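Residue numbers (this note's numbering), protein chains in the order written: chain F, 1 to 126; chain U, 127 to 488.
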Amino acid sequence: MTFPDNLKYTKDHEWIRVEGDIGIIGITDYAQSELGDIVFVELPVKGKHVKQGESFGTIEAVKAVSELYAPVSGEVIELHAELEHQSELVNKEPYDGGWMIKIKLKDKQELSGLLDVKGYRELIGK
Amino acid sequence: MKRTAFYSIHQHLGAKIVEFGGFEMPVLYTGIVDEHKTVRATVGMFDVSHMGEFEVRGRDAQALVQKITTNDVTKLGRGKAQYSSMCYPDGGIIDDLLVYDVGDRYMLVVNASNIAKDFEWVTSNIGSLDVELTDKSDTISLLAVQGPKSLETLQKVTASVLSSIPYYSFIETSVAGIPMIVSRTGYTGELGFELYFDSSLSTAEKVWNAVMESGKEFHIKPVGLGARDTLRLEMGFCLYGNDIDRTTNPLEAGLGWITKLDKGEFIGRESLVNVRQAGVKRKLVGFVIDEPKAFPRHGYEIRSNGHLLGHVTSGTVSPILEKGIGMGYVASEVAQVQSPINIIIRTKEVKAQIVKLPFIKK
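Right, here's the structure in full:
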């Protein structure tokens, strides 16, 4: 299982990669492995404003459905449309091909409340 | 938390372990969909040793089993098994179970999460009957070998001719040199066998390895509880705790075929006769969701024209149909095949259609 050290993590197993004032968001390798076969990712509409910790979508695995929580507040500026037909990308490439949304960050201070790779590994005990 | 004799094998295989019915059980090894398709295409093996087994011996063994179950145990004979249920006097289901006629005794196979409750119930109904009831759950291992290649897989490791065992029958034989009951039963809808044997660690390992080795040419895989659930749901089989429980009776659950109201007295009979005479008010139905990417889950509302009809009792994405499938109770008037219904998936209302079970034709 891999956890890149250039990402920030949430306790709910999302990751965010910050490029300028844009945050790219997905779920971690641990999360996809716990969920198993992912069959559908329900994303918000473009332009939606989300708050840190709020649900921005759902993820359906064969086993169960789970909420997706926004690591930061901001406006959803891009959706990963490819997931519509290839949700298995989240299983195969959780940090690359499996990214979900891009958010225009509202407040960069929020990032300081997220976990770094060390904190996240501790959380999941891996 | 309990472990089966196969626990270290599961761990070694990298299974994802979850709590189920008081046991640490493998929910998946390679993935639910992969395991599911393996069982439909060739053969898979399940550790279901968490299931409970009670033995009933003695002069009145048959009378006790007849009294506490809804199916007619007198129709059995040595080497035959039947699916049955136990009900409370009000007709609510205590558990669904398998009854095996082993000649000198009956073996009742019950759900793991109900072992304590069931044992207490059966014990409390012995009264003056001359029986000896024993909970053998901890001393029996149970493996299910299921799929079109299950017969060929097992045939190589036993001297008995397995093709001559009819559905819901069993033999006492040896597999991989271990004495056991080999029963032509299962929870997948496929050709399959269930193996009951002594639960010591060395025995478990011997049987597991022999079957895996024999099934290699068919690409046998270990299968977890995740695929066990999707496989049984594709067949429309009930799961206790989801589709049936003490608030549901066998007649509304579509289990009328194991409810023999004319067999004589049994616990729950009077209530069930009344239900039958009045007509069942609601029925367990299967439905398929018409829209893509919409999957029903336990607890979701079933509606029609805005009216609440009931709730989804089991739901998933069918790995074979690649569609959302589910079951739930609706009023008998609307429980017609092809009736349109709506499932409320969080905030969305999606269209579904009641279908005849099973979801996939075998």
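Even for Gly, the Cβ is constructed at its ideal location relative to N, Cα and C.
Just so you know, these numbers come straight off a predicted model, no measurement behind them.
Cutoff 8 Å; reference residue i; Cβ partners in own chain excluding five residues on either side
i: Tyr-214/U; result: Ile-220, Arg-372, Ile-393 and Gly-394
i: Asp-227/U; result: Val-199, Leu-202, Gly-203, Arg-204, Gly-205, Lys-206 and Ala-207
i: Leu-398/U; result: Thr-196, Cys-213, Gly-217, Asn-375, Pro-376, Leu-377, Thr-385 and Leu-387
i: Gln-137/U; result: Ile-143
i: Asp-21/F; result: Lys-104, Leu-105 and Lys-108
i: Ala-420/U; result: Gly-450, Ile-469, Ile-471, Lys-474 and Val-476
Sequence-distant residues of its chain with Cβ nearer than 6 Å to residue i (five each side left out)
i: Gly-491/U; result: Beyond the ends of chain U as shown, which are 127 and 488, falls residue 491/U; an answer cannot be given.
i: His-80/F; result: Trp-99 and Met-100
i: Asp-29/F; result: Met-1, Thr-2 and Pro-94
i: Gly-97/F; result: Leu-89
i: Thr-195/U; result: Ser-210 and Met-212
i: Val-88/U; result: A question about residue 88/U goes unanswered here, because the residues of chain U that appear run from 127 up to 488.
i: Phe-56/F; result: Pro-44, Val-50, Leu-68 and Ala-70
i: Thr-352/U; result: A quick correction: the sequence has Gly, not Thr, at residue 352/U. Cβ neighbours of Gly-352/U beyond the five flanking positions: Val-153, Leu-154 and Ile-158.
Contact belief for residue i with residue j at Cβ below 8 Å, rounded distance in angstroms
i: Ala-478/U; j: Ile-415/U; result: 5 Å
i: Val-199/U; j: Val-225/U; result: 6 Å
i: Ser-300/U; j: Thr-284/U; result: 6 Å
i: Asp-186/U; j: Leu-259/U; result: Contact doesn't hold; Cβ gap of about 11 Å is too wide.
i: Met-338/U; j: Phe-323/U; result: That belief does not hold up - the Cβ atoms of Met-338/U and Phe-323/U are roughly 16 Å apart, past 8 Å.
i: Ala-302/U; j: Val-174/U; result: Not a contact, Cβ separation roughly 18 Å.
i: Glu-77/F; j: Lys-46/F; result: First, the residue type needs correcting, since residue 77/F is Ile and not Glu in the sequence shown. Ile-77/F to Lys-46/F, Cβ: 7 Å. Contact.
i: Ala-141/U; j: Tyr-155/U; result: 5 Å
Contacting residues, own chain, Cβ-Cβ under 7 Å from residue i (five flanking each side not counted)
i: Ser-440/U; result: Leu-359, Leu-365, Asn-368, Asp-369, His-424, Gly-452 and Met-453
i: Gly-36/F; result: Ala-61, Val-62 and Lys-63
i: Val-481/U; result: Gly-412, Phe-413, Val-414 and Val-463
i: Lys-128/U; result: Gly-148 and Phe-149
i: Lys-488/U; result: Gly-315
Near the ligand ATP: residue i beta-carbon under 7 Å from a heavy atom
i: Val-236/U; result: Ligands are entirely absent from the displayed structure, and the ligand ATP is therefore not among its contents.
Coil, strand or helix - residue i by DSSP
i: Ile-266/U; result: strand
i: Ala-189/U; result: helix
i: Trp-99/F; result: coil
i: Thr-442/U; result: strand
i: Gly-253/U; result: coil
i: Ser-430/U; result: strand
i: Leu-321/U; result: strand
i: Thr-279/U; result: helix
i: Asn-468/U; result: strand
i: Tyr-133/U; result: helix
i: Val-456/U; result: strand
i: Phe-112/F; result: First, the amino acid is wrong: residue 112/F is Ser here, not Phe. Helix.
i: Lys-8/F; result: strand
i: Val-228/U; result: coil
i: Leu-123/F; result: helix
i: Gly-217/U; result: coil
i: Glu-88/F; result: coil
i: His-80/F; result: coil
> Closer than 7 Å, Cβ to any Cβ of chain U: which residues of the region 93-108 of chain F, in chain order?
Replying inline: none
> Taking a cut of 9 Å between CB atoms, which residues from the region 58-82 of chain F lie near chain U?
Replying inline: Considering only beta carbons, the part of the region 58-82 of chain F lying closer than 9 Å to chain U consists of Thr-58, Glu-60, Ala-61, Val-62, Lys-63, Ala-64 and Val-65, in chain order.
> What residues from the region 17-38 of chain F come within 7 Å of chain U, judged by C-beta to C-beta, listed N to C?
Replying inline: Gly-36 and Asp-37
> Using a Cβ cut-off of 7 Å, which residues of the region 418-440 of chain U contact any Cβ in chain F, in chain order?
Replying inline: Lys-419, Phe-421 and Arg-423
>> Quick check on the DSSP output: what are the complete beta strand (DSSP E) runs of length 3 or more inside the region 16-76 of chain F, in order along the chain?
In response: 22-27, 38-42, 55-61 and 65-69
>> At a CB distance below 7 Å, what residues from the region 343-357 of chain U approach chain F? Give them in sequence order.
In response: Gly-352 and Thr-356
> Using a Cβ cut-off of 8 Å, which residues of the region 440-452 of chain U contact any Cβ in chain F, in chain order?
Replying inline: Within the region 440-452 of chain U, the residues whose Cβ lies closer than 8 Å to some Cβ of chain F are Thr-442, Val-443 and Pro-445, listed in chain order.
>> I'd like the ranges of any alpha helix (DSSP H) spanning at least 4 consecutive residues and lying wholly in the region 366-432 of chain U.
In response: Whole alpha helix (DSSP H) segments, 4+ residues: 395-404.
> Can you give, in chain order, each stretch of the alpha helix (DSSP H) that sits fully within the region 140-202 of chain U and has at least 4 residues?
Replying inline: Complete alpha helix (DSSP H) runs here, min 4: 158-167 and 187-194.
> Using a beta-carbon distance cut-off of less than 7 Å, what residues from the region 140-171 of chain U approach chain F?
Replying inline: Leu-154, Gly-157, Ile-158 and Val-159
>> Please identify, using Cβ separations under 8 Å, the residues of the region 463-478 of chain U that lie next to chain F, in order along the chain.
In response: Arg-472
>> Restricting to runs no shorter than 4 residues, where is the alpha helix (DSSP H) found entirely within the region 280-349 of chain U?
In response: 327-340
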